[in-house]
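Peer 1: Residue numbers (my numbering): 3 to 79.
Here it is as structure tokens:
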């Protein structure tokens, strides 16, 4: 896509994800009163969201492309 116009080539997309903020090992922190304490996240949390992010990213890309297509069609009516 060059300047909003498709060249007919395959569209390649790069995606960056931040690491999950919830891990099972205890974290060391301080309270408002400046006292040392530990915090532990409980529950099931995925260590890698990349597996679930692929279909979400594909769906979002499809929505964006369809939105641009519909805007183009609305302009030529």
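For every residue, glycine included, the Cβ atom is placed at its ideal position computed from N, Cα and C.
Rounded to whole angstroms, how far is the Cβ of residue 32 from the Cβ of residue 39, which I believe are closer than 8 Å?
Peer 2: Contact flag correct, Cβ pair sits at about 7 Å.
Peer 1: What three-state label does DSSP hand residue 38 in the structure shown?
Peer 2: Strand at residue 38.
Peer 1: Between the alpha carbons of residue 24 and residue 9, how many angstroms are there, rounded?
Peer 2: Rounded to whole angstroms, residue 24 to residue 9 spans 42 Å at the Cα level.
Peer 1: Roughly how many whole angstroms lie between the Cα atoms of residue 36 and residue 28?
Peer 2: Cα to Cα, residue 36 sits roughly 18 Å from residue 28.
Peer 1: Short of 6 Å in beta carbon distance, which residues of its chain neighbour residue 30, apart from the five on each side in sequence? Order them along the chain.
Peer 2: Around residue 30: 40.
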